[in-house]
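Residue numbers (mature numbering (1 follows the signal peptide of the UniProt record, and there is no 0)): -23 to -1, 1 to 213.
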């Protein structure tokens, strides 16, 4: 048995996953991928949801613009999800279809949104003293207009790295988002800086132990397929 409200699911506990991984050890629903690429030329794209648990679950899905606290029914994003709520049997899968409504988005750069999948477990028969947990996974959705210059790989490889005071500045001159995982001095055993997403024509600062002009950085970034790629670059 499942319990839903008209407004949204009200879980006993949310657990939000916003990393490059799409699964959590206690969650049953696994998203097939760690990001969604939506080329403008496509009418829709599909995402596979799989229930790896031993019980049926409901999956409620929605897309937001970056505010993880936004209520699903208040969002006005240019996408439709089908089905927004679906039951997935144990060890079975369900295809989630994302359709673009055609609402105007910037033509000269990628736009980023977030796909949320909330897993609602079946209510236990004797649930009077049972804590029910709902797990939410969030992954990025990149809407990619036609005709952008270069490629996402070139965008990551051509980041410009320079010193800005005692921090390292990464500049992204491309029309793509670049998602960094970690940045550190090559061969240095000290903890590297945690990664950030750098927007098109944007920049980010990193506090990297031992950084100075002429040093070589080991830069880890995520490609379209969710794989981590490592590049070595010299700080200007």
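We treat Cβ as the ideally placed atom computed from N, Cα and C, and that holds for glycine.
Owing to the predicted nature of the structure, the values given are computational and were not obtained by experimental measurement.
Annotation for residue 181: the continuous beta strand (DSSP E) segment containing it runs 180 to 183. Between residue 152 and the set 188, 60, 84, 117, the nearest pair of CA atoms involves 84.
Within the region 53 to 101, the beta strand (DSSP E) runs of at least 3 residues that lie entirely inside it are, in chain order, 56 to 59, 62 to 65, 70 to 77, 88 to 98.
C-alpha of residue 142 to C-alpha of residue 127: approximately 31 Å in a straight line. Nearest neighbour of residue 179 by Cα position, chosen from 22, 86, 197, turns out to be 86. By alpha-carbon distance to residue 93, the top candidate from 192, 99, 119, 41 is 41. Contact between the region 114 to 134 and the region 162 to 170 is absent: fewer than 3 CB-CB pairs across the two stretches fall below 8 Å. Beta-carbon to beta-carbon, residue 157 and residue 206 are separated by about 10 Å, too far to satisfy the 8 Å threshold. Per the coordinates, the alpha-carbon of residue 66 lies some 19 Å from the alpha-carbon of residue 114. Nearest neighbour of residue 181 by Cα position, chosen from 137, 192, 189, 210, turns out to be 137.
In this structure residue 191 touches residue 212 by the C-beta definition: roughly 7 Å separates them, less than 8 Å. Your pair residue 23 and residue 78 does not check out as a contact, with CB atoms roughly 17 Å apart and the cut at 8 Å.
The Cβ-Cβ distance between residue 69 and residue 28 falls below 8 Å. For residue 117, the beta-bridge partners assigned by DSSP are 12, 91.
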